[in-house]
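In this text, residue positions in the sequence shown follow the working numbering: the first is 96, and each later residue adds one.
Cβ atoms here follow ideal geometry from the backbone N, Cα and C, with glycine treated the same way.
Everything below concerns the one structure shown next.
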Amino acid sequence: MMNRVKKWAEVRVGDLGQVFTGRTPSTKCPEYFGNTFFFITPGDMHQGKHIHATERSLSSSGAILLRRIQLPPKSVCVSCIGWQMGEVVMTSATSFTNQQINSIVPRDDVDADFLYYCFVPRKQELLSLASAIGVRTPILFSCGQEFACEKGEKGSDSLVRRAAFQCSESGDRQF
Numbered sequence: 096m097m098n099r100v101k102k103w104a105e106v107r108v109g110d111l112g113q114v115f116t117g118r119t120p121s122t123k124c125p126e127y128f129g130n131t132f133f134f135i136t137p138g139d140m141h142q143g144k145h146i147h148a149t150e151r152s153l154s155s156s157g158a159i160l161l162r163r164i165q166l167p168p169k170s171v172c173v174s175c176i177g178w179q180m181g182e183v184v185m186t187s188a189t190s191f192t193n194q195q196i197n198s199i200v201p202r203d204d205v206d207a208d209f210l211y212y213c214f215v216p217r218k219q220e221l222l223s224l225a226s227a228i229g230v231r232t233p234i235l236f237s238c239g240q241e242f243a244c245e246k247g248e249k250g251s252d253s254l255v256r257r258a259a260f261q262c263s264e265s266g267d268r269q270f
């Protein structure tokens, strides 16, 4: 059994960074789509830890339209609606997501890798939370749910390794 250096604190997701819900530009406006920026949907979230390609992409016009929800590299994305709920990825480049995904842009003092590894093994917990809320197509993070997770300060490699180890023990494949 691994000894924890510190007690894990209960924190709200919003305390770890800015939380954004994605949006899809109108498909009636083809000028919003192109090959400039990743547009992440739940179907793209099966590549492992980092997103390196997406089925659809946005143009500069699409990026301008959605500029308020633009995600920088190292943002953590969690699918939050429907049967693919609980899938987790990290952006590798400036990206955007559709409305089925909530993303966390970590605060400067929060380690993005650690945050990613906090969410990876929690798919069943997220599904249970959604069921407890009692909504048909749950949207997570909208009700201030709390998760037992240390914030993982930047430069805390041992925390990232510990979180990764805990994920591997849970049998998760997303490394």
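Evaluate residue i with the Cβ neighbour count: other Cβ atoms within 10 Å of its Cβ, from every protein chain shown; 16 or more gives buried, anything less gives exposed.
| i | result |
| --- | --- |
| Gly-112 | buried |
| Ser-190 | buried |
| Asp-203 | exposed |
| Gln-195 | buried |
| Cys-213 | buried |
| Thr-192 | buried |
| Ile-199 | buried |
| Ser-223 | exposed |
| Gly-109 | exposed |
| Thr-232 | Model confidence at Thr-232 stands at a pLDDT of 48, short of 50, so the residue's coordinates are unreliable; what they give is reported in the following sentence. Exposed, since its Cβ has fewer than 16 Cβ neighbours within 10 Å. |
Who are the near neighbours of residue i in its chain, counting only those whose CB is closer than 7 Å to its CB and skipping five residues on each side?
| i | result |
| --- | --- |
| Ser-156 | Glu-126 and Tyr-127 |
| Gly-138 | Glu-150 |
| Ser-187 | His-145, Ile-146, His-147 and Pro-168 |
| Tyr-211 | Lys-144, Val-171, Val-183 and Met-185 |
| Leu-160 | Pro-120 and Tyr-127 |
Which two residues bound the contiguous alpha helix (DSSP H) that contains residue i?
| i | result |
| --- | --- |
| Ser-154 | Taken as a continuous stretch (DSSP letters only), Ser-154 belongs to no alpha helix (DSSP H), as it is neither H nor E. |
| Asp-208 | 207-214 |
Tell me, to the nearest whole angstrom, how far the beta carbon of residue i is from that of residue j; I am working on the premise that it is less than 8 Å.
| i | j | result |
| --- | --- | --- |
| Gly-177 | Lys-218 | Actually they do not touch by this definition, with Cβ atoms about 13 Å apart. |
| Arg-118 | Ile-164 | 6 Å |
| Ile-135 | Cys-172 | 6 Å |
| Ser-152 | Phe-133 | 6 Å |
For residue i, which residues in the same chain have their Cβ closer than 6 Å to its Cβ, ignoring the five residues on either side in sequence?
| i | result |
| --- | --- |
| Thr-131 | Ser-154 and Ser-155 |
| Leu-166 | Thr-186, Ser-190 and Ser-198 |
| Ser-170 | Thr-186, Ser-198 and Val-200 |
| Phe-115 | Ile-164 and Ser-198 |
Among all the DSSP beta bridges, which residues are the ones paired with residue i?
| i | result |
| --- | --- |
| Ile-135 | Thr-192 |
| Asn-197 | Thr-116 and Val-173 |
| Thr-149 | In DSSP, Thr-149 forms no bridge with anything. |
| Met-185 | His-145 and Val-171 |
| Leu-166 | Ser-190 |
Could you pull the start and end residues of the beta strand (DSSP E) that residue i belongs to?
| i | result |
| --- | --- |
| Val-106 | 105-107 |
With a threshold of 8 Å on Cβ separation, who are the neighbours of residue i within its own chain once the five nearest residues in sequence on each side are excluded?
| i | result |
| --- | --- |
| Gln-142 | Ala-148 and Val-184 |
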